[in-house]
Structure formats: structure tokens, C-alpha cells
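In terms of the numbering used here, the sequence shown opens at residue 127 and continues consecutively. Note that the Cβ used here is the ideal one computed from N, Cα and C, for glycine as well.
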Amino acid sequence: MADINSLILPGPAAERPATGEAPGALPLVDFVELLFFAYRDFVGDPDEILAPIGFGRAHHRVIHFVNRHPGMRVTDLLDILRITKQSLGRVLRELVDEGFVESRAGSSDRRQRLLFPTSKGEALACEFVGLQSRRIATALEASGPDGREAVRRFLLAMIDPEDRVAVERLIQRADRAARSRPASRPPDAA
């Protein structure tokens with residue numbers, strides 16, 4: 127009979143990251159679980175707002191990225207979310223029909239679909255960001271004086287290495303654009 131530990135532990139010890147745990151212990155399973163619970167609670171606040179209007183997490187993600195990157199192409203959104211065109215089509219259609227997102231033809235290529243938040247979509251996105259920013263700010267405060275930078279490095283390191291530079295550029299571009307918008311618009315982060 128095969129040793130059950132060999133079925134659940136990654137390859138040889140040299141391939142596993144040092145965990146500081148006793149040999150044979152499941153590596154970093156506590157962090158895996160903490161990430162599950164943190165994600166559950168992080169998206170839980172927006173879930174409660176979306177449920178009564180029949181929307182879910184896919185709607186939340188689309189609203190977030192369209193609000194952060196007004197005028198983005200549908201193809202760019204597909205790349206960011208890594209979902210099928212069919213899945214995005216259903217969610218996008220619902221958001222457009224309910225007045226949260228506007229889809230416009232591109233100026234140079236009329237076949238391009240550019241996405242913009244409506245004022246209703248902006249308000250909802252800002253509500254989500256406000257809730258989630260407060261949760262993050264509380265957690266960062268509890269993490270100590272160097273917590274913000276340590277958490278930022280950790281989250282960036284969790285992203286596949288080949289995607290990190292693109293993600294950083296995407297965030298920086300959105301931050302620059304948000305700073306250049308008129309002051310009357312609600313801020314993207316609390």
C-alpha cells in the first residue's frame with residue numbers, strides 16, 4: 127500500500143520551500159486556508175450588495191475593472207479576467223441592460239467594443255472599493271509598520287512570474303489615470 131503522505135506532499139524535500147515545520151507536516155496548509163477565508167470575507171461584502179439585484183462575483187470583477195480602466199477593450203477585459211468570451215458576454219449584457227456599464231464602438235475600429243462605467247456603475251464600484259479598502263486598511267494596521275510593503279510584495283509574488291510586470295503596469299496606469307480625473311469624482315480607494 128502506498129504511503130498516503132507521498133500522495134499529498136510535493137516532490138522531494140529539496141523541491142519544497144522551507145516551512146519551519148516538522149518533517150512530514152503538510153507545508154503551509156495554514157496559509158492556504160487563511161487565503162481561502164480572507165478571500166471569502168474580502169468578497170463577502172460586495173456579494174451581499176450584489177445578491178439582491180441578481181448579480182455575483184463575475185459582475186463585481188467586471189464593474190471593478192471597467193471603472194478602473196474606462197474605455198478598455200472587451201478583449202483586454204477577457205485577458206485580465208481569463209474567462210471565456212461566452213461567460214463575459216452574459217455578464218456584460220446584464221450590466222449593460224441594468225445601466226451599470228456602457229459599450230461603445232471604437233473610434234478608429236468600429237468593430238472594437240470599448241467599455242465605460244455609467245454613473246450608476248461608478249457609484250457601485252466606489253462602494254465596493256470603499257468596503258474592501260476599509261477591510262484592507264484594518265488588516266494592514268494590524269500588520270505593523272512594515273505591513274503594507276510586506277503584504278504588497280507577498281501579493282505580487284503570488285502572481286505568476288510571467289504576469290507580474292503586466293499587472294504592475296496595469297495598476298500603475300489606472301492609478302495615474304485616477305489621479306488625473308476631476309476632483310469631483312469619488313476616489314478609487316479610501
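Supposed close pair residue i, residue j - CB separation, criterion 8 Å
i, j, result
"Val169", "Val227", "Actually they are not in contact, since the Cβ atoms of Val169 and Val227 sit about 19 Å apart, beyond 8 Å."
"His185", "Ala300", "No, His185 and Ala300 are not in contact; Cβ-Cβ is about 19 Å, not under 8 Å."
"Ile285", "Val293", "6 Å"
"Leu204", "Lys211", "6 Å"
"Ile175", "Glu253", "7 Å"
"Asp173", "Arg183", "7 Å"
Residues bridged to residue i (per DSSP)
i, result
"Met198", "Leu241"
For residue i, the three-state DSSP class (helix, strand or coil)
i, result
"Arg216", "helix"
"Glu224", "coil"
"Gly256", "helix"
"Arg236", "coil"
"Ser229", "strand"
"Phe163", "helix"
"Arg305", "helix"
"Arg208", "coil"
"Pro172", "helix"
"Phe181", "coil"
"Leu203", "helix"
"Arg142", "In this prediction, Arg142 scores a pLDDT of 47, lower than 50, which makes its location untrustworthy; the coordinate-derived value is nonetheless stated afterwards. In the structure shown, Arg142 sits in coil (DSSP, three-state: anything other than H, G, I, E or B)."
Residue j beta carbon less than 7 Å from that of residue i
i, j, result
"Pro243", "Val200", "no"
"Ser229", "Val222", "yes"
"Leu266", "Gly273", "yes"
"Gly247", "Leu240", "no"
"Leu257", "Asp171", "yes"
"His190", "Ala263", "no"
C-beta neighbour in chain D for residue i, strict 7 Å
i, result
"Leu218", "In the structure shown, chain D cannot be found, because there is only a single protein chain."
Any non-hydrogen atom of the ligand ATP within 6 Å of residue i CB
i, result
"Ser234", "Absence of the ligand ATP is noted for the structure shown, with no ligands found whatsoever."
Which complete alpha helix (DSSP H) runs does the region 245 to 299 hold, if anything under 4 residues is left out? Segments of the alpha helix (DSSP H) lying fully in the region 245 to 299: 245 to 268 and 273 to 284.
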